[in-house]
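For what it's worth, the working numbering labels the leading residue of the sequence shown as 1235, then goes sequentially. Don't be surprised by glycine CBs; every beta carbon is placed ideally from N, CA and C. Here the structure comes first, spelled out in structure tokens, and everything after it is commentary.
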Amino acid sequence: MLISVIVPVYNVERYLRECLDSLINQTYNDLEVIMVDDGSKDSSGKICDEYSEKYDNFKVIHKENAGLGMARNTGFEYIKGGYVTFVDSDDYLEPDCITTLYNELRNKDVDMCKGGFKRVIDSGKIVSNRIYDNELFQGEKAKKEMLPRMIGSSPTKHDSIEMCVWGHFITQNLFLNTT
1235 MLISVIVPVY NVERYLRECL DSLINQTYND LEVIMVDDGS KDSSGKICDE
1285 YSEKYDNFKV IHKENAGLGM ARNTGFEYIK GGYVTFVDSD DYLEPDCITT
1335 LYNELRNKDV DMCKGGFKRV IDSGKIVSNR IYDNELFQGE KAKKEMLPRM
1385 IGSSPTKHDS IEMCVWGHFI TQNLFLNTT
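Structure follows, in structure tokens:
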């Protein structure tokens, strides 16, 4: 099953290669990586071009700067996978991350899964370690409660459980039937 990974990119030349290399090194190989360069002023756009030229499953979209949310939405227009996840361009994944989350979704027949994360500063020190027991969400709960709270119901209403979408693995159908 093809999995789409959307990577919004803006002025992250310092971290971008580590992020993209972590996607190349995933134990799950049926991935498409959609990098959305949101008008970067540094060399981030060129790094995206380099990866898209070298790897057939990497695609880059260059656009004018419109912010993180719009970059994610632009990436969503290009996905082909049955599942979608987001990776911020200053983050990286452990090699088995996508395999683990995909297996949770597939084996338990759910629409959304949330994984844990470690917050690591530039020195390599782990400053927080959030372990979720791969929380699973299905049907109406995923569609009406979790997804809107994950992405927020409107720009003026502060009702999201987290202002991040990374760490979530979502079926494409859930997104299409909600947005």
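Residue i classed as buried or exposed, judged by whether at least 16 other C-beta atoms fall within 10 angstroms
i       : result
Met1346 : buried
Asp1356 : exposed
Leu1250 : buried
Tyr1317 : buried
Gly1301 : exposed
Glu1338 : buried
Tyr1336 : buried
Tyr1312 : exposed
Asp1343 : exposed
Lys1314 : exposed
Lys1348 : buried
Lys1293 : buried
Asp1330 : exposed
N- and C-terminal bounds of the beta strand (DSSP E) containing residue i
i       : result
Tyr1317 : 1317-1320
Glu1266 : 1265-1272
Ile1313 : Element bounds for Ile1313: n/a, residue is neither H nor E.
Lys1297 : 1292-1297
Distance CB(residue i)-CB(residue j) smaller than 8 angstroms
i       : j       : result
Ala1305 : Asp1255 : no
Glu1284 : Leu1236 : no
Thr1319 : Val1243 : no
Lys1297 : Val1321 : no
Glu1252 : Asp1276 : no
Tyr1289 : Ile1268 : no
Ser1286 : Asn1245 : no
Tyr1262 : Thr1333 : yes
The alpha helix (DSSP H) enclosing residue i, as first and last residue numbers
i       : result
Ile1431 : Outside the displayed span of the chain (1235 to 1413) sits residue 1431, for which this structure offers no information.
Ile1258 : 1247-1258
Under the three-state DSSP convention, the category residue i falls into
i       : result
Thr1342 : Reading off the sequence shown, one finds Lys at residue 1342, where the question assumed Thr. Three-state result, Lys1342: helix.
Ile1240 : strand
Closer than 7 angstroms: residue i CB and nearest the ligand GDP heavy atom
i       : result
Glu1287 : This structure lacks the ligand GDP; in fact it carries no ligand of any kind.
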